[in-house]
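> Residue numbers for the sequence shown follow my numbering, so the first one is 207 and each next one is one higher.
For reference, the structure I am asking about is given below.
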Amino acid sequence: MGNEKYRDLFLGETRAHLDDALKALAAGGGGDALRVDDLFRHFHSIKGMAASMGLGAIASLAHAVEDILSDARRWGLKPEWSFLVQETADRISAMVDMYEAGGAPEDDAALEARLKAACSARAEAGARGATPATAPDAAPGASAGSTALVVRVDIDAASKMPATRAFMVLKKLHSLGIACASEPSEAELRAGGTRPSSLVVRLAPGARREDAVEAINGVPEVAVASVESHEMTGPAAAARRSKLPARVSPEILDRLQEQAGELFIIHRELASAPPAREDLRLREAVGALHRAVRDLHETVTCARLVPLDLVTARIPLRVRELALKLGKDIEAEVRGGDVGLDRSHVEKLEAPLQHLVRNAVDHGIETPHERILAGKPPRGTIAVTAARGGRGVKIEIRDDGRGLDHERIREAAVARGIVGPDRALTLGQQDLYDLICLPGFSTAREVSAISGRGVGMDVVKQAVSDMGGEMSITSTPGLGTTFTLDLPVSMVQLHAMIVGASGGEYAVPAANIAEVVELSRGEMLVEGGRPFIRWRGVAIPVRSLSEILSVQAAPPEAVFRFLVIEFKGKHLGLRVDRVDAEAEIVMRPLGVPLNLVSGFAGYSILGGGHPVLILDPIKLAGATAFA
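See below:
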């Protein structure tokens, strides 16, 4: 195909337009003419690109959506239309995936017919004299000839943080809901590396000059230089006028990351060689190489970061759609969508988040009648929030529903033979929450089309664990449930402790280690046949790394060394023969069949070129070993 050379550009641009369209859909506010114009622009661009690539099936669907959005400019974007537009976006996304895989997307006549039927129904209603929600010429900024304010802000030349000041101005204007676009853009300001002397912000049509000036004047070291009215030139004028983003293929980013890892290993070999310690100039050169490689790693890591809203933006619309099917009234809130995670993490997060949100809608939130009887407002809430913190990024999925039924979990565990009746009575709250993450475990009395088939939570837990993260659960009966996912920003470069056991050398991620302690043999305790140590006034169990790995233990020494491993507030003393050093290491995945062995996260290459296995101490010891 002659257009094949544009294939990668088409794939990247189409997916970007689909992501932005889903964000606009999830933003709500069906009568917002600017939002409808934004949606129209995205699908119009998709239609044009698909047609130029000879992908008529995609172009035809995008054209059908354009018809609905044209009507939405007059009548408002009704909820049923939002669902149709979302469904079409998902269908186009699947077609794009098919095209990327080498297939030929086929026409979806049924979906096109539904889109045309929706337009026909609205046209008939208009013919009967229905009142339009928004007249075409009543949407400020949506048509040619309308105007918008453009504000120029000068930043004090003596400011030590000009980018921060510019970002503060943008945040102020965004909080008022009146900022449309800026130069430099918000993304450029967040990325750093720029020292702007001024900031130009295009305000939303209808924004008041006084509100903007008052907000800006509250930011130190800035001053409003001018506020001018600029004429808009058409429907797309209300859209952002930022530069075309540079898109790099995932394969190139993967290769860059691999090459940066190779450089990191080469540096470690040079640093460990004797001449590097004896020759001053060579030592300085190795130090400079270390800084350059570290900066390269950070740059590649940042380049791989993508915003979470690629998977969270569509949650509000999904929730509204599921709630409608179940006869519930639920509002979804998403915050922190701009938080960045490694693209591989974001791809893996979509399915777990869908499981958690579906379960919250189906099992967590009550019907409006049940909520009123419980003294709650009829509308339930599901909040998905993301923020930097802890080991990297913390994601919370919280609902204000009925909470987890502890007694029902006990009954289900006994019924499935997981625990006996007597043992079930002694299970603590966290033990109960661990049970619901077992494969096939479910407390649902009925299987629904949405959830309750005994799958889901084990999938979520495993996916989070595969990303090097942890999941915790808190719940209060009658008030709601919160699932917290703690994820590392990236699994590529780790801070680790290099330890030895029975002549072998291993790396343990520092994020899992609370402390390294040394104790004499006499400070070891035994209770009920199990060894313990006292750590910070608390007795914690201990395991020997040699025993866990089933290798011959080294001869006992007068001093025992322990890594205190932390897991969900519990601790375990992991006994090792020696603690060699702390190091920044580059993690590489294990190949088949080693990747099937539980307890190993990957491997790395240390100075001198020899490999070292990276342990997952929690999987290795087992969650039940902690106390």
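Where is the CB? At the ideal position from N, CA and C, for every residue including glycine.
#1: Considering just the uninterrupted stretch of the beta strand (DSSP E) at V765, what are its terminal residues?
#2: Checking the sheet assignment: what are the DSSP bridge partners for W741?
#3: Helix, strand or coil: how does DSSP classify I458 here?
#4: Below 8 Å between beta carbons: does that hold for L751 and R727?
#5: What is the rounded straight-line gap between the Cα of A445 and the Cα of D544?
#6: Buried or exposed for G734, going by 16 or more other Cβ atoms inside 10 Å?
#7: Any contact of the segment 738-751 with the segment 685-697, i.e. 3+ C-beta pairs under 8 Å?
#8: According to the neighbour-count rule (16 or more other Cβ atoms, all chains shown, within 10 Å of its Cβ), is T687 buried or exposed?
#9: Indicate the three-state DSSP secondary structure (helix, strand or coil) for C386 in the structure shown.
#10: Report yes or no: do the segment 515-527 and the segment 486-495 share at least 3 C-beta pairs separated by less than 8 Å?
#11: List the whole-angstrom C-beta distance separating V818 from L812, where the pair is believed to meet the contact cut-off of C-beta under 8 Å.
#12: Please classify C386 as buried or exposed, where buried requires at least 16 neighbouring CB atoms within 10 angstroms.
#13: Keeping to the same chain, check which residues put their C-beta closer than 7 Å to that of Y712; ignore five residues upstream and five downstream.
#14: Just the C-alpha distance for E464 and I458, rounded to the nearest angstrom, thanks.
#15: If you reduce the DSSP assignment to three classes, tell me which class F249 lands in.
#16: Does the Cβ-Cβ distance between L514 and L562 come in under 8 Å?
#17: Within 10 Å of its beta-carbon, does L224 have 16 or more other beta-carbons around it, so buried, or fewer, so exposed?
#18: Enumerate in chain order the residues of its own chain whose CB-to-CB distance from T220 is below 7 Å, with the five nearest sequence positions on each side excluded.
#19: Compute the Euclidean distance between the alpha carbons of S448 and K284, then round it to the nearest angstrom.
#20: Suppose you measure from the CA of R213 to the CA of R297; what does that come to, to the nearest Å?
#21: First and last residue of the beta strand (DSSP E) that includes R604?
#22: To which residues of the same chain is V359 closer than 8 Å at the C-beta, ignoring the five residues directly before and after it?
#23: What's the C-alpha gap between G208 and L217?
#24: According to DSSP, A787 sits in a beta bridge with which residue or residues?
#25: According to DSSP, is H777 part of a helix, a strand, or is it coil?
#26: Hey, P584 and D640 are a contact pair by Cβ (cut 8 Å); roughly how many whole angstroms apart?
#27: If distances are taken between C-alpha atoms only, which option among L700, L511, M367, L559 comes closest to M677?
#28: In this structure, does DSSP put F647 in helix, strand or coil?
#29: Per the contact definition of three or more C-beta pairs closer than 8 Å, is the segment 243-252 in contact with the segment 269-276?
#30: For M259, which of helix, strand or coil comes out of DSSP?
#31: Rank G581, I384, H496, V590 by C-alpha distance to the C-alpha of E537 and give the top, closest one.
#32: Rounding to the nearest angstrom, what Cα-Cα distance links E392 and K377 in this structure?
#33: Just the Cα atoms here: how many angstroms apart are A618 and N565?
#34: Kindly indicate which three-state DSSP category G208 falls into: helix, strand or coil?
#35: Counting only the same chain and skipping the five closest in sequence on each side, list residues whose C-beta sits under 6 Å from that of A593.
#36: My understanding is that I578 touches L700, with C-beta atoms under 8 Å, so please give their C-beta distance in whole angstroms.
Short version:
#1: Along the sequence shown, one-based indexing puts residue 765 at 559. Counted as a single uninterrupted DSSP element, the beta strand (DSSP E) harbouring V765 occupies residues 765-773.
#2: Here residue 741 corresponds to residue number 535 of the sequence shown, with the count starting at 1. Answer by DSSP bridge pairing, in chain order: V744.
#3: By one-based count along the sequence shown, residue 458 stands at place 252. Helix.
#4: In the sequence shown, residue 751 corresponds to position 545, counting from 1. In the sequence shown, residue 727 corresponds to position 521, counting from 1. Cβ distance not < 8 Å, so L751 and R727 don't count as in contact.
#5: As a position in the sequence shown, residue 445 is number 239, starting the count at 1. As a position in the sequence shown, residue 544 is number 338, starting the count at 1. Residue confidence is low: A445 scores 36 on pLDDT, short of 50, so the model does not pin down where it sits. No coordinate-derived value is stated.
#6: Taking the first residue of the sequence shown as 1, we reach residue 734 at position 528. By the 10 Å Cβ count, G734 comes out exposed.
#7: As far as the Cβ criterion goes, the segment 738-751 does not touch the segment 685-697, which means the pair count is below three.
#8: In the sequence shown, the residue the question calls residue 687 occupies position 481. Buried, since its Cβ has 16 or more Cβ neighbours within 10 Å.
#9: As a position in the sequence shown, residue 386 is number 180, starting the count at 1. Strand.
#10: no
#11: By one-based count along the sequence shown, residue 818 stands at place 612. By one-based count along the sequence shown, residue 812 stands at place 606. The Cβ separation is near 5 Å, so the contact holds.
#12: What you label residue 386 is simply residue 180 of the sequence shown in a count that begins at 1. It is buried - the Cβ of C386 has at least 16 other Cβ atoms within 10 Å.
#13: As a working mapping, residue 712 is identified with position 506 in the sequence shown. A distance below 7 Å between beta-carbons, with the five flanking residues on each side excluded, links Y712 to the following residues of its chain, in chain order: V705, V818, L819, L821.
#14: Numbered from its first residue, the sequence shown carries residue 464 at position 258. Numbered from its first residue, the sequence shown carries residue 458 at position 252. When rounded, the distance between both Cα atoms is 10 Å.
#15: Working through the sequence shown from its first residue, we reach residue 249 at position 43. Correct three-state label for F249: helix.
#16: In the sequence shown, counting from the first residue as 1, residue 514 sits at position 308. In the sequence shown, counting from the first residue as 1, residue 562 sits at position 356. Contact flag unset, no.
#17: Position 18 of the sequence shown holds residue 224. Counting Cβ neighbours within 10 Å, L224 comes out buried, since at least 16 surround it.
#18: For the purposes of this step, residue 220 is identified with residue 14 of the sequence shown, where counting begins at 1. I252, M255, V302.
#19: In the sequence shown, residue 448 corresponds to position 242, counting from 1. In the sequence shown, residue 284 corresponds to position 78, counting from 1. For S448, the predicted structure reports a pLDDT of 36, less than 50, and the residue's modelled location is therefore unreliable. A value from the coordinates is still provided. Taking the straight line from one Cα to the other gives about 29 Å.
#20: Counting from 1 along the sequence shown, the entry for residue 213 is found at position 7. Counting from 1 along the sequence shown, the entry for residue 297 is found at position 91. The straight-line gap from Cα to Cα measures roughly 19 Å.
#21: Translated into positions along the sequence shown, residue 604 becomes position 398. Residues 598-605.
#22: What you label residue 359 is simply residue 153 of the sequence shown in a count that begins at 1. For V359, where only same-chain residues beyond five positions count, the Cβ hits under 8 Å are A372, V375, S404, L405, V406, V407, I422, V428, A429, V430, A431.
#23: Walking along the sequence shown from the start, residue 208 turns up at place 2. Walking along the sequence shown from the start, residue 217 turns up at place 11. Bear in mind that the predicted position of G208 carries a pLDDT of just 45, short of 50, making it too unreliable to give a figure here.
#24: Within the sequence shown, numbered from 1, the residue matching residue 787 stands at position 581. Answer by DSSP bridge pairing, in chain order: I704.
#25: Your numbering for residue 777 matches position 571 in the sequence shown. Strand at H777.
#26: Taking the sequence shown and counting its residues from 1, one reaches residue 584 at position 378. Taking the sequence shown and counting its residues from 1, one reaches residue 640 at position 434. With 8 Å as the limit, P584 and D640 do not qualify as a contact, their Cβ atoms being about 33 Å apart.
#27: As a working mapping, residue 677 is identified with position 471 in the sequence shown. By alpha-carbon distance to M677, the top candidate from L700, L511, M367, L559 is L559.
#28: Within the sequence shown, residue 647 is the residue found at index 441, counting from 1. F647: coil per DSSP, three-state reduction.
#29: Three or more pairs of CB atoms, one per stretch, sit closer than 8 Å, so the segment 269-276 contacts the segment 243-252.
#30: The residue labelled residue 259 in the question sits at position 53 within the sequence shown. Reduced to three states, the DSSP call for M259 is coil.
#31: Translated into positions along the sequence shown, residue 537 becomes position 331. Among G581, I384, H496, V590, the Cα nearest to that of E537 belongs to V590.
#32: For this step, residue 392 is matched to residue 186 along the sequence shown. For this step, residue 377 is matched to residue 171 along the sequence shown. When rounded, the distance between both Cα atoms is 9 Å.
#33: The count along the sequence shown starts at 1 and reaches residue 618 at position 412. The count along the sequence shown starts at 1 and reaches residue 565 at position 359. Cα-Cα distance, rounded: 17 Å.
#34: Counting from one through the sequence shown, the residue named residue 208 turns up at place 2. Because the pLDDT at G208 is just 45, under 50, the model does not fix this residue reliably, and the point stays unresolved.
#35: By one-based count along the sequence shown, residue 593 stands at place 387. For A593, where only same-chain residues beyond five positions count, the Cβ hits under 6 Å are G542, K600.
#36: As a first step, residue 578 is located in the sequence shown; it is residue number 372 there, counting from the start. As a first step, residue 700 is located in the sequence shown; it is residue number 494 there, counting from the start. The Cβ separation is near 51 Å, so there is no contact.
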